[in-house]
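A.B. asks: One structure is given below, represented as structure tokens, and several questions about it will come after.
Chains as they are written, first to last, in this note's numbering: chain R, 1017 to 1358; chain Y, 137 to 579.
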């Protein structure tokens, strides 16, 4: 196997950061969805579990998105310019969602005057629904290969993303984020009835993810042919698809038999494989059909410096994240019985 | 409204909004760390309460800073795609390092805010120190990108393309040290004196409250030292501007014509049509001395530059005057407070001083907004000084007024909510009786 070119390393790092954003930041949005849908006699308790689970970590989880953006505009400036120009409208709307979600959640946590608690709840929850859909729309629209990639090309503000395929990817993203959150939340509480609430939500959203995956695939055959062909042509395509399906089954089985640790590990692998499958299908393009990883890359000396920076930064970053999660998430690794009371 | 104007207004508003939260994210952690260190040293519970209270404020403001910063990182592309396509590879290193610094800050802020009682006091204090250091580092790194726009370096221009890119040289551009120092001090000065103003106002109502006395002491120390140092860093920054961006200096000073023994103008209104700055108090040769340490030095006037290369002189000059005036008042108040503290060997609590502190508290934020206006508007018509014009950088997407409108409403609403939440925090600040009870109990 030949060594990877610097631009491929940076592209892989972008995929890696995006994966972590989805697995962690995405789940924080998913938790917001379940906050909105909290129902039944334990609705308040569900909200408390959610707020307790994401409070200490959501800001750190959110930074993965910034890392993705910075790597994209440094490593692949033409792709960044094309995406931000063509998808100006959904990106702007997504940002409004990010701002509202983040501030409303914090305001709710620190509102000692309790300026009407329910109001914060709604403001935290609605953007949690809309923002993932918009993120999915952006990714779906890129995959269609219809973005204008040269400055002189005219840009259509709506027609590139207001079509069935990007919208389906948007809903798919929402379902994935909600699924992740529901599975994680089964481990955030010691109360068996609350666990069952989140188990039921996990199973429903897990099946929804499966259905939407199928819809996305059917639409992709006509709407994003380049990507579908890429997945078919790649020697890894089949392996990735089978593995994704296998882990999906393991996740659902883990939920069914209340093996939540297994379900959580499996769902993380499953979602990672979905993302990597999409990336593999789209390779070698960053923005199909014109901008490839090697063709739109910044000069190699920039990429190499970026890799060194990433490596050095990781030495501080990963131990810090480990420390954060060890303090606030260690309880999710222990059986519910011997957990210290909060 | 033209698309360019809408894009500029949206960028100005987003930056102007974000910068308030950004500077608080730099300076407030230092103050809470100092309070916590005093708690560990003295065991006085009032310091622990103070650190926790400031941390609550930091948590609210940091969250808004984080999301409004995210908006900015996207807006670079949403509004200025041609600028980013050109400069992304050159300035990306600064942004990447900033990304890591910001990441570290977010992680340890989570640990600090939610970690009271969960980790040892020493580990908790260390987490606070990491926040303070990474906050300052991320500020410096972001400013390095702005200073690169003022003094672009680290590449060779080949037609419209940048070749031989050296991101390290771009990061360490000629204006970087001056701008980074000036901005960092500005953060400590503004936030320190703002907090001092708040606590002075509260102390006035409740004279014996140990909570506000301690808070005032720490805030004054941080804000006062920075405020006294700031004019010197400003002088350094102005000399760099004189050397690298003469048109900006001429606009700041309302200098229309090239001259030796150029006067320093205090106040005044530039009139571009007549080419004169009226109503200014002029100190003979002052500008030549300040900019070049030589009364005989020649200062370039705006007449040296073709009209299409001149910054909007009125805005730049007035903003500069506002910034300098605020800075001078802040320095004076700080010196007054220091003298008062020295005389009474304690926290200065004279009525007049407390009133003045409360009234002048917001001046630092005014100075910061004015200072950013100087550096940004003073660089116009360039987005990258002498390399790319702002008109050539703006997006081809039309209808930007709508996005400007949406973000304006969003930020207005957020601003109002933040102020209300902070007011609620101030009102619920611990009274003297509560503090006495607290110091008696163990919690």
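Yeah, the Cβ is synthetic: ideal placement off N, Cα and C, and Gly gets one too.
Does the beta-carbon of residue 511/Y have 16 or more other beta-carbons within 10 angstroms, so that it is buried, or is it exposed?
C.D. replies: buried
A.B. asks: Among residues of its own chain, excluding the 5 on either side of residue 175/Y, which ones have a beta-carbon nearer than 6 Å to its beta-carbon?
C.D. replies: Take residue 175/Y, set aside five residues on each side of it, and the residues of its chain with a beta-carbon closer than 6 Å to its own are 183 and 184, in chain order.
A.B. asks: Could you give the C-beta distance for residue 186/Y and residue 350/Y, rounded to a whole number, given that I count them as a contact under 8 Å?
C.D. replies: Contact annotation, residue 186/Y with residue 350/Y: C-beta distance approximately 6 Å; criterion of less than 8 Å satisfied.
A.B. asks: Let's test the definition: count the other Cβ atoms within 10 Å of the Cβ of residue 263/Y and tell me whether it reaches 16, buried, or not, exposed.
C.D. replies: buried
A.B. asks: Along chain Y, in chain order, which residues have C-beta atoms closer than 7 Å to that of residue 1317/R?
C.D. replies: 301
A.B. asks: Across the segment 1182–1201 of chain R and the segment 1155–1163 of chain R, are there enough close Cβ pairs to call them in contact, namely three or more that are closer than 8 Å?
C.D. replies: Look at the beta carbons and you see the segment 1182–1201 of chain R touching the segment 1155–1163 of chain R: at least three pairs across the two are nearer than 8 Å.
A.B. asks: I want to see whether chain Y comes within less than 8 Å of residue 1305/R, judged by CB atoms only; does it?
C.D. replies: no
A.B. asks: Which ranges does the alpha helix (DSSP H) cover as unbroken runs of at least 4 residues, wholly within the segment 373–432 of chain Y, from first to last along the chain?
C.D. replies: Given a length threshold of 4 residues, each whole run of the alpha helix (DSSP H) inside the segment 373–432 of chain Y is given here in chain order: 382–389 and 422–428.
A.B. asks: Kindly list, in the order they appear in chain Y, the residues whose Cβ is closer than 7 Å to that of residue 1321/R.
C.D. replies: 229 and 303
A.B. asks: At a Cβ cut of 9 Å, what residues of the segment 201–214 of chain Y count as close to chain R, listed as they run along the chain?
C.D. replies: For the segment 201–214 of chain Y, which is checked against every Cβ of chain R, the residues closer than 9 Å are 202, 203, 204, 205, 206, 207, 209, 210, 211, 212, 213 and 214.
A.B. asks: Give me the Cα-Cα distance between residue 305/Y and residue 375/Y, rounded to the nearest whole angstrom.
C.D. replies: Looking at the two C-alpha atoms, the distance is approximately 21 Å.
A.B. asks: Whole angstroms are fine: how far does the CA of residue 554/Y sit from the CA of residue 561/Y?
C.D. replies: 10 Å
A.B. asks: Please say whether residue 1309/R and residue 1023/R have beta carbons closer to each other than 8 Å?
C.D. replies: yes
A.B. asks: Going along the chain, which residues of its own chain have a beta-carbon closer than 8 Å to the beta-carbon of residue 155/Y, five neighbours each way excluded?
C.D. replies: 504, 505 and 508
A.B. asks: Along the beta strand (DSSP E) that carries residue 216/Y, what are the first and last residues, could you check?
C.D. replies: Counting along the chain, residue 216/Y falls outside any beta strand (DSSP E), and DSSP gives it neither H nor E.
A.B. asks: Who are the near neighbours of residue 1354/R in its chain, counting only those whose CB is closer than 8 Å to its CB and skipping five residues on each side?
C.D. replies: Residue confidence for residue 1354/R is low, a pLDDT of 42 falling below 50, so the modelled location carries little weight; the figure read from the coordinates is stated next. Excluding sequence neighbours, residue 1354/R sits near nothing in its chain.
A.B. asks: Pick helix, strand or coil for residue 434/Y, following the three-state DSSP scheme.
C.D. replies: strand
A.B. asks: Could you give the first and the last residue of the continuous alpha helix (DSSP H) run that contains residue 1272/R?
C.D. replies: From DSSP, the alpha helix (DSSP H) with residue 1272/R extends over 1253–1272.
A.B. asks: Could you say which of 189/Y, 152/Y, 410/Y and 463/Y lies nearest to residue 329/Y if we only look at CA atoms?
C.D. replies: 463/Y
A.B. asks: Report the neighbours of residue 225/Y on chain R: residues whose CB is nearer than 8 Å to its CB, in chain order.
C.D. replies: Contact of residue 225/Y with chain R by beta-carbon distance below 8 Å involves 1090, 1091, 1093, 1314, 1315 and 1318.
A.B. asks: Closer than 8 Å is the cut-off here; do at least three beta carbon pairs connect the segment 1035–1043 of chain R with the segment 201–217 of chain Y?
C.D. replies: no
A.B. asks: Name, please, each residue of chain Y whose Cβ falls closer than 7 Å to the Cβ of residue 1205/R.
C.D. replies: Simply none; closest approach about 17 Å.
A.B. asks: What whole-angstrom Cβ distance do residue 530/Y and residue 139/Y have, given they're in contact under 8 Å?
C.D. replies: 6 Å
A.B. asks: Taking residue 1174/R as the reference, give the member of 1102/R, 1242/R and 1125/R with the closest Cα.
C.D. replies: 1102/R
A.B. asks: Can you tell me whether residue 255/Y is helix, strand or coil according to DSSP?
C.D. replies: In the structure shown, residue 255/Y adopts coil according to DSSP, grouped into three states.
A.B. asks: Assuming residue 243/Y contacts residue 1337/R under a Cβ cut-off of 8 Å, what Cβ separation, rounded to an integer in Å, is found between them?
C.D. replies: 6 Å
A.B. asks: According to DSSP, simplified to helix, strand and coil, what is residue 287/Y?
C.D. replies: In the structure shown, residue 287/Y sits in coil (DSSP, three-state: anything other than H, G, I, E or B).
A.B. asks: Along the chain, where does the beta strand (DSSP E) containing residue 1338/R start, and where does it finish?
C.D. replies: No beta strand (DSSP E) holds residue 1338/R; the alpha helix (DSSP H) holding it covers 1316–1345.
A.B. asks: Could you compute how far the alpha carbon of residue 1283/R sits from the alpha carbon of residue 1214/R?
C.D. replies: 14 Å
A.B. asks: Can you tell me the Cα-Cα spacing of residue 532/Y and residue 1326/R, whole angstroms?
C.D. replies: 33 Å
A.B. asks: Could you tell me whether any Cβ in chain R is nearer than 8 Å to the Cβ of residue 153/Y?
C.D. replies: It does not: the Cβ of residue 153/Y has no partner Cβ on chain R nearer than 8 Å.
A.B. asks: Which term fits residue 453/Y, buried or exposed, when burial requires 16 or more other beta carbons within 10 angstroms of its beta carbon?
C.D. replies: buried
A.B. asks: Please state whether DSSP places residue 294/Y in a helix, a strand or coil.
C.D. replies: strand
A.B. asks: Using alpha carbons as the reference points, say which of 238/Y, 366/Y and 491/Y lies closest to residue 316/Y.
C.D. replies: With distances taken between CA atoms, residue 316/Y lies nearest to 366/Y out of 238/Y, 366/Y and 491/Y.
A.B. asks: Report the neighbours of residue 245/Y on chain R: residues whose CB is nearer than 7 Å to its CB, in chain order.
C.D. replies: 1075
A.B. asks: Cβ atoms of residue 382/Y and residue 423/Y: under 8 Å apart, would you say?
C.D. replies: no
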